[in-house]
Amino acid sequence: MSDTNNNNNNHHHHNNNNKNFKLAVHFAQLGNDSAIEGDFIDAVKYYSKAIDYCPENHCYFGFYLNRALCLIKMDFFYLALPDTNQAVRLSSKNYKCYYIRSRILRKLKHYELAQNDLKMALNFRPTCKIIREESERIIERNEREFRLFNEKLKTYNLNDKTYYKIKVNFHLIKAQDLPTNIWNYNGIRVENIRFDAPIKLLKEYFSLFGNVEHIKRTYGYHNDKYQNQNQNQSSSSPSIFIYYYNPVTPMFTIAYFQGKIFEELCRLDEQNQQYKSLRLYFAPTDHQIELKYHRPNHPSTTTQECYFWRTTFCHLKERCPKFHLQPCKNIDAQIWMFK
Ligand SMILES: [Zn+2]
């Protein structure tokens, strides 16, 4: 889709920028008329034409913002998101761009990102009551979702001890850090743990949200391909596999430990003498044979999440129609995926 847009752009990109800009404005006007009539599909078509005709140096944020508004009207939130991203890029001091994007982010349940956008909007419009109220609404929504999840916990057939542990330590987690576990992995893989960390110590740390069934180390593992792509470093650190009895404990464990540094646990970077932060992934246990050695089939659930974002890398980036949830980035990456 973006390819054809580019072609159109090049095609119309002659020296007559002015003429093209007038055409763009003309189509945008038709778009406005259609939107007022409630004909949002036509409006989207016209705004797309306006965007195609618009010379690059005259690119106008309002075309994107208006198209986003029409897409919102039709509940195509994940299509509207890239348009608002573009609008923010083109007009980074306009409160409207942030406010409208925050509405989409709220719908997509990215509450923290929505909150960031509202903060930006308030910077430019400090007295706006609508933005302030929206901000309060999001905080309340976030808390409600978390309570709902707490309720849902009861349906996961956890043993009493695990349930109790999660309940006691629930407050340590921020809702937006909790990854979804769409394949119900019962284990985790942890990187950047020091070679000589005693198993007993690991067990103490990682049973915060449920009892550990088994811990094992793997030596001599290099994930160069992945590391090069993401952090520009190679890792010869062993991974630790920690197996639990249920798929919920891994979710909370990841939410709590992801990116944290503990001096007695973490590996020291020889070069800059700093501790490396923990990196956690979901992993199958020895009992989960069906998840062990090959890519699981795409989840049968109705998830809208991007498989590639969750495993290795999504080349579509913000143009991807599927959700890229921040706490789920690379979360399902397995060692065998990098061989
Ligand atoms: Zn994607």
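Quick note on full-length UniProt numbering: the sequence shown kicks off at 1 and runs consecutively. Glycine residues also receive a C-beta, built at the ideal position from the N, C-alpha and C atoms.
T84 counts as buried, since no fewer than 16 other beta carbons sit within 10 angstroms of its beta carbon. Within the same chain, and ignoring the five residues on either side of S102 in sequence, the residues whose Cβ sits closer than 6 Å to its Cβ are A114, D117, L118. For T218, the enclosing beta strand (DSSP E) starts and ends at 212–218. A Cβ-Cβ contact shorter than 9 Å links I104 with I72. When rounded, the separation of the alpha-carbon atoms in N57 and L90 is 10 Å.
Around the Cβ of V248, a 10 Å sphere holds 16 or more other Cβ atoms; the residue is buried.
Residue pairing of Y244 in beta bridges, as defined by DSSP: V212. Only residues of its own chain outside the window of five on either side were considered, and among them I138, R141, N142, Q176 have a CB closer than 7 Å to the CB of Y111, listed in chain order. C-alpha of L122 to C-alpha of I131: approximately 7 Å in a straight line. When Y95, V88, K129, Y78 are compared, the shortest CA-CA separation from Y60 is found for V88. DSSP places F282 inside the beta strand (DSSP E), whose first and last residues are 279–283. By the neighbour-count criterion, in which 16 or more other beta carbons inside 10 Å mark a residue as buried, H324 falls on the buried side. Shown here for C328: same chain residues with a beta carbon closer than 8 Å to its own, the five before and five after excluded, namely P179, T180, E305, W309, R310 in chain order. Distances taken from the Cβ of C320 to the heavy atoms of ligand 1 include one shorter than 8 Å. The beta carbon of K109 sits closer than 8 Å to those of E145, all from its chain and outside the five residues before and after it, given in chain order. Distances between the C-beta of C328 and the heavy atoms of ligand 1 are all 8 Å or more.
Beta-carbon to beta-carbon, S239 and R194 are separated by about 13 Å, too far to satisfy the 8 Å threshold. Judged by DSSP secondary structure, R194 falls outside any alpha helix (DSSP H); it is assigned neither H nor E. Proximity of the beta carbon of F257 to ligand 1 is not indicated: no heavy atom of the ligand is located closer than 8 Å.
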